[in-house]
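For reference, the structure is listed below as structure tokens.
Protein chains: 2
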Amino acid sequence: MPQTPPQATRELAGLTLAQWMRAHQDRFELRASAALPQPTQEPAELHAAMRYAVLDGGKRIRPLLAYAAGELVLASVEAVDHVALAVEFVHAYSLVHDDLPCMDDDVLRRGKPTVHVAYSEATAMLAGDALQAQAFAELVQTPIAAQARLALVRELASAAGTAGMCGGQALDLAAEGRQLSVAQLEQMHRLKTGALLRAAVLMGAGAGDTPPPVMAALERYASAVGLAFQIVDDILDVEASSAELGKTPGKDQAQNKATYVTVLGLAAARARASQLLAEALAALHDTGLPAARTQRLLELAELIVARRS
Amino acid sequence: MPQTPPQATRELAGLTLAQWMRAHQDRFELRASAALPQPTQEPAELHAAMRYAVLDGGKRIRPLLAYAAGELVLASVEAVDHVALAVEFVHAYSLVHDDLPCMDDDVLRRGKPTVHVAYSEATAMLAGDALQAQAFAELVQTPIAAQARLALVRELASAAGTAGMCGGQALDLAAEGRQLSVAQLEQMHRLKTGALLRAAVLMGAGAGDTPPPVMAALERYASAVGLAFQIVDDILDVEASSAELGKTPGKDQAQNKATYVTVLGLAAARARASQLLAEALAALHDTGLPAARTQRLLELAELIVARRS
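Residue numbers (the numbering used here), protein chains in the order written: chain A, 2 to 310; chain B, 2 to 310.
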């Protein structure tokens with residue numbers, strides 16, 4: 002692992018957050034486009050659907066968290082690329098499956114028709130399945146030591162499975178029409194959304210040589226940011242317009258879903274998000290690293306809580 | 002890696018094929034039951050559906066191929082356990098998704114209601130998704146060198162994704178109602194069914210120290226057996242009864258699907274299966290290993306071609 006920031010990182014240090022995000026979003030888009038199979042190859046429809054699900058949309062919050070965590074530990078950006086692709090492929094597959102008629106039955110995502118609307122339900126299901134496999138294929142290629150690569154596979158498999166994202170979605174299904182306590186709601190969201198956001202940070206850091214105390218502080222950061230993200234999502238579902246969200250707002254209420262807003266109320270939900278932001282920033286401080294190293298993760302945490310879409 | 006067969010393998014050498022299969026099916030069942038999350042833990046419904054999809058059913062052809070390949074290279078059976086679980090979890094997830102209304106819309110599998118009938122479509126989709134993640138989680142725990150473990154993850158991700166199973170299913174979707182050449186049909190089935198069967202053999206061998214010439218011979222074996230399996234499946238879909246199959250026969254024809262029988266005719270399909278069996282046995286001979294080491298893979302190839310269900 003390089004012990005000094007590579008050229009690209011030094012150049013990025015002077016950027017505003019917006020410039021840094023744009024640079025990494027563009028980088029991600031190029032890498033994702035190169036990694037996904039071409040629609041000119043058979044099976045063409047599946048490849049087209051996979052690309053449609055991943056490319057040209059999304060804020061890339063998970064890849065950005067991975068890149069920022071990688072910068073914090075001075076990981077090679079080429080290694081973090083694989084982490085960024087893997088977490089976003091898993092995120093994209095989960096959206097494709099979540100939008101299907103048997104789940105949320107949503108027709109609009111990132112301002113575009115959902116994958117099963119643009120293609121077919123069968124193709125959408127297969128595209129999601131194939132994206133999950135491709136996520137693990139990406140991780141195996143990460144240019145780091147074999148043991149560190151295996152740790153990435155372990156982390157992603159855990160974050161994506163029953164102890165993570167799929168488990169959270171199942172809890173969400175089971176909760177429909179039921180009253181949840183704040184603790185139950187928090188557990189559901191820590192799994193459903195939090196686990197993969199947390200994995201993005203930890204795997205970005207795992208692409209470098211991260212001392213255990215720094216990793217422990219990043220775990221606290223990632224856990225707080227993952228939960229804050231979902232609380233803000235719930236707030237936005239009530240407050241934002243369809244044009245801002247790029248998806249149908251008010252769905253949670255229409256589906257009688259338990260959210261932070263329905264359980265805590267709007268003011269308390271906002272207060273909880275602010276509290277989690279403070280926890281995240283305190284955790285970054287506890288890494289003991291200079292502000293220049295923690296800057297991007299700090300800015301991303303603020304952005305996640307302040308975002309309007 | 003042990004260079005002499007472990008105790009368990011020596012004891013198994015005197016077994017008939019039926020006894021050997023039963024011993025490994027029982028072993029697999031115990032390992033799978035222990036590896037899958039308990040239905041007493043939340044999310045209970047998801048866990049129950051995952052267990053329902055995997056346990057108490059199926060011939061375990063893929064695990065048996067993995068165990069037999071592992072015995073051939075004198076791999077530790079504890080290492081092959083992880084391979085067996087991983088390939089069967091991927092196989093089980095693919096059946097759950099394949100049976101959904103948006104795919105084959107099947108209500109009967111292994112003589113039981115399919116997962117979406119017994120639970121719900123949403124739970125079936127999540128159970129499949131979670132089983133894929135768990136397959137990779139199993140591989141990471143394989144007690145072999147890190148590089149060899151990574152090779153297993155690479156092989157499974159490739160066999161499960163667009164270059165393998167998902168790609169084959171997409172080709173199958175695209176082929177509905179169309180005429181296929183024998184070459185197109187073979188390509189579709191090499192991906193759809195062949196890739197994972199092939200991976201079961203190669204990953205079983207990958208759990209041990211397999212010299213490259215032996216691995217090359219096993220690749221030819223696995224490729225021939227993978228294709229023969231599907232040809233026999235197509236023959237059985239025409240010939241066998243529901244009771245024998247444990248699923249609805251005649252579905253291919255009813256869905257106007259291209260099969261080896263519709264494209265080649267029954268006699269030519271049978272001849273092709275016999276030819277592939279001969280190729281598989283020749284490949285085993287080319288390993289240069291004594292008959293005692295290749296016996297189980299030989300018997301399994303014969304069984305796959307001669308099976309009635």
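Note that beta-carbon positions come from the ideal geometry of N, C-alpha and C, so glycine has one too. Keep in mind the model is a prediction, meaning the values are calculated, not measured.
Residue nearest to Arg179/A within the set Ala69/A, Val264/A and Tyr68/A is Val264/A (criterion: CA-CA distance). Ala175/B and His117/B have their alpha carbons spaced roughly 24 Å apart.
Non-local C-beta neighbours of Met51/B in its own chain, meaning closer than 8 Å and more than five positions away in sequence, comprise Leu37, Pro38, Ala128, Ala131, Leu132 and Gln135, ordered along the chain.
At a cut-off of 7 Å between beta-carbon atoms, His98/B makes contact with chain A. Contact annotation for Gln135/B against chain A: Ala158, Gly162 and Thr163 [CB-CB distance below 8 Å, chain order].
In the structure shown, Pro38/B adopts coil according to DSSP, grouped into three states.
Here Thr295/A is buried, its C-beta having at least 16 other C-beta atoms within 10 Å. Within 10 angstroms of the beta-carbon of Ser310/B lie fewer than 16 other beta-carbons, which makes it exposed. Taken in chain order, the complete alpha helix (DSSP H) segments of 4 or more residues contained in the stretch 41-102 of chain A are 45-55, 62-73 and 78-99.
Lys113/A is bridged by DSSP to Arg110/A. In this structure, the straight-line span from the alpha carbon of Pro44/A to that of His190/A is close to 36 Å. Residue burial is scored here from C-beta neighbours: Asp27/B has fewer than 16 other C-beta atoms within 10 angstroms and is therefore classed as exposed. Straight through space, the alpha carbons of Asp82/A and Phe230/B are spaced by roughly 39 Å. In chain order, Leu151, Val154, Arg155 and Ala158 make up the part of chain B whose C-beta sits under 7 Å from the C-beta of Val141/A. Counting only residues of its own chain and dropping the five nearest sequence neighbours on each side, Gly168/B has a CB closer than 6 Å to the CB of Leu192. The three-state reading of DSSP puts Glu177/B in coil, since its state is none of H, G, I, E or B.
Sixteen is the threshold: when 16 or more other Cβ atoms of the shown chains lie within 10 Å of the Cβ of Ser224/B, as they do, the residue is buried. Where Pro214/B is concerned, the enclosing alpha helix (DSSP H) starts and stops at Pro213 to Glu240. CA-CA distance, Ala33/B to Asp106/A, rounds to 33 Å.
Less than 7 Å divides the Cβ of Arg273/B from the Cβ of Ile232/B. Judged by DSSP in its simplified three-state form, Thr288/A adopts coil rather than helix or strand. At a beta-carbon threshold of 8 Å, the residues of chain B lying near His48/A are Thr163, ordered along the chain.
Around Ala200/B, no beta-carbon contact reaches into chain A at under 7 Å, the shortest distance being about 12 Å. Within the stretch 197-221 of chain B, no residue has a Cβ lying closer than 9 Å to any Cβ of chain A.
Separation of the CB atoms of Ala284/B and Ala184/B is rounded to 22 Å, and the pair is thereby denied contact status at 8 Å.
A distance below 8 Å between beta-carbons, with the five flanking residues on each side excluded, links Leu16/B to the following residues of its chain, in chain order: Ala24. According to the DSSP assignment, Asp130/B belongs to the alpha helix (DSSP H) that extends over Glu122 to Val141. Residues of chain A with a Cβ closer than 7 Å to the Cβ of Gln170/B are, in chain order, Leu127. When 7 Å is used as the limit between beta carbons, Gln148/B is near these residues of chain A: Ala147, in chain order. For Pro114/B, no chain A residue has a C-beta closer than 9 Å to its own C-beta; the minimum C-beta separation is roughly 17 Å. In the three-state DSSP reduction, Leu16/B falls in the coil class, being neither helix nor strand.
Ala208/B and Tyr94/A have their C-alpha atoms roughly 30 Å apart. Classified as exposed, Pro212/B has fewer than 16 neighbouring CB atoms from the shown chains inside 10 Å of its CB. Three or more beta-carbon pairs separated by less than 8 Å link the stretch 50-68 of chain A to the stretch 87-104 of chain A, which places the two stretches in contact.
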